[in-house]
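Q: Let me give you the structure first, and then I'll get to my questions.
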Amino acid sequence: DAGITQSPRHKVTETGTPVTLRCHQTENHRYMYWYRQDPGHGLRLIHYSYGVKDTDKGEVSDGYSVSRSKTEDFLLTLESATSSQTSVYFCACRGGIEAFFGQGTRLTVV
Amino acid sequence: AQSVTQPDIHITVSEGASLELRCNYSYGATPYLFWYVQSPGQGLQLLLKYFSGDTLVQGIKGFEAEFKRSQSSFNLRKPSVHWSDAAEYFCAVGTNTGTASKLTFGTGTRLQVTL
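Read top to bottom, the protein sequences are chains U and E. Okay, so the first sequence: first residue is 7 according to our numbering, each after it adds one. Okay, so the second sequence: first residue is -3 according to our numbering, each after it adds one.
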């Protein structure tokens, strides 16, 4: 599973507060991704990274930012959380062809 | 842009029956194709992948999938379903074009297995 750790695993936050989710990998994979999973939508790509300090937007990037200052860490920030961002967030890493996923972070915005 | 369609939201099969989950993709070049499985409350586990060569690929847990370029399909099959196969299944298409490398997922098919 490429040694992928997401933290926190669960979080409840209030509308308007900033939130940062962390993804840490131990396999030195080049590509890292953040997805959100919602019923009826499958997994939708928020942002991805193809190297340190190299990131790009996915299909649902509004309201989210990312940073990757080290190969092993990929941070997802909700600048001002909204109820529509209540979701399960998955990080994935990819060194070759297939991607490996973390266990997910369940975020609830109240 | 690449996309994936899984036309079946929910499928119910009896234990021991055969299974086929459909997946259609849209991508201009030869894609990388994947099937993932997700049990409740868990992350995604890779079942199998296709990127070149033999169009019939074998995966874990007795699953297989066939790449059909003419139909833009990558259907997942299993000859005899077990109750433990109940889960959600996701098809995905990937690229490997340098900075544009990313995976796009379908909306998933939830499999229910009756005893």
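Glycine included, every Cβ here is placed at the ideal spot set by N, Cα and C. Quick caveat: nothing in here was measured; it's all calculated off a predicted structure.
Taking just the CA atoms, how far does asparagine 34/U sit from valine 116/U?
A: Answer to the nearest angstrom: the Cα atoms are 36 Å apart.
Q: According to the Cβ coordinates, are glutamine 12/U and glycine 102/U closer than 7 Å?
A: No, the Cβ-Cβ distance between glutamine 12/U and glycine 102/U is not below 7 Å.
Q: Less than 7 Å between the beta carbons of leucine 17/E and valine 33/E, yes or no?
A: Their beta carbons are not under 7 Å apart, which means leucine 17/E does not touch valine 33/E by this criterion.
Q: Are the C-beta atoms of aspartate 39/E and some chain U residue less than 7 Å apart?
A: The displayed chain sequence assigns glycine, not aspartate, to residue 39/E. With 7 Å as the cut-off, glycine 39/E counts as an interface residue toward chain U.
Q: For glutamine 67/E, name the three-state secondary structure that DSSP assigns.
A: Note: glutamine 67/E maps to helix in three-state DSSP.
Q: At 3 residues or longer, and completely inside the stretch 56 to 112 of chain U: list those beta strand (DSSP E) runs for me, N to C.
A: Segments of the beta strand (DSSP E) lying fully in the stretch 56 to 112 of chain U: 60 to 63, 70 to 76, 79 to 84, 93 to 100, 105 to 107.
Q: For leucine 111/E and aspartate 4/E, what's the separation of their Cα atoms in angstroms?
A: Near 21 Å, if we compare the C-alpha coordinates of aspartate 4/E and leucine 111/E.
Q: So within the stretch 21 to 62 of chain E, which uninterrupted beta strand (DSSP E) runs reach at least 3 residues, ignoring any that extend past its ends?
A: The qualifying runs are 28 to 34, 40 to 46, 52 to 54.
Q: Residues bridged to threonine 19/U by DSSP?
A: Per DSSP, Val115/U.
Q: By the criterion of Cβ-Cβ separation under 8 Å, what are the contact partners of glutamine 109/U in chain E?
A: The answer, in chain order, is Gln38, Gly39.
Q: Is it buried or exposed, serine 76/E, if we count other Cβ atoms within 10 angstroms and call 16 or more buried?
A: Burial call: exposed.
Q: Quick one: which chain U residues come within Cβ less than 9 Å of tyrosine 28/E?
A: The answer, in chain order, is Ile103, Glu104.
Q: Judging by CA-CA distance, which residue of Tyr95/U, Ala105/U, Asp62/U, Cys99/U is the nearest neighbour of proline 14/U?
A: The residue with the shortest Cα to Cα distance from proline 14/U is Tyr95/U.
Q: Among the residues of its own chain, which have a CB less than 6 Å from the CB of tyrosine 37/U, if the five just before and after it don't count?
A: Answer for tyrosine 37/U: Tyr56, Arg100, listed in chain order.
Q: In terms of alpha-carbon separation, which member of Trp40/U, Val58/U, Ala105/U, Pro45/U lies closest to serine 71/U?
A: Answer by Cα proximity: Trp40/U.
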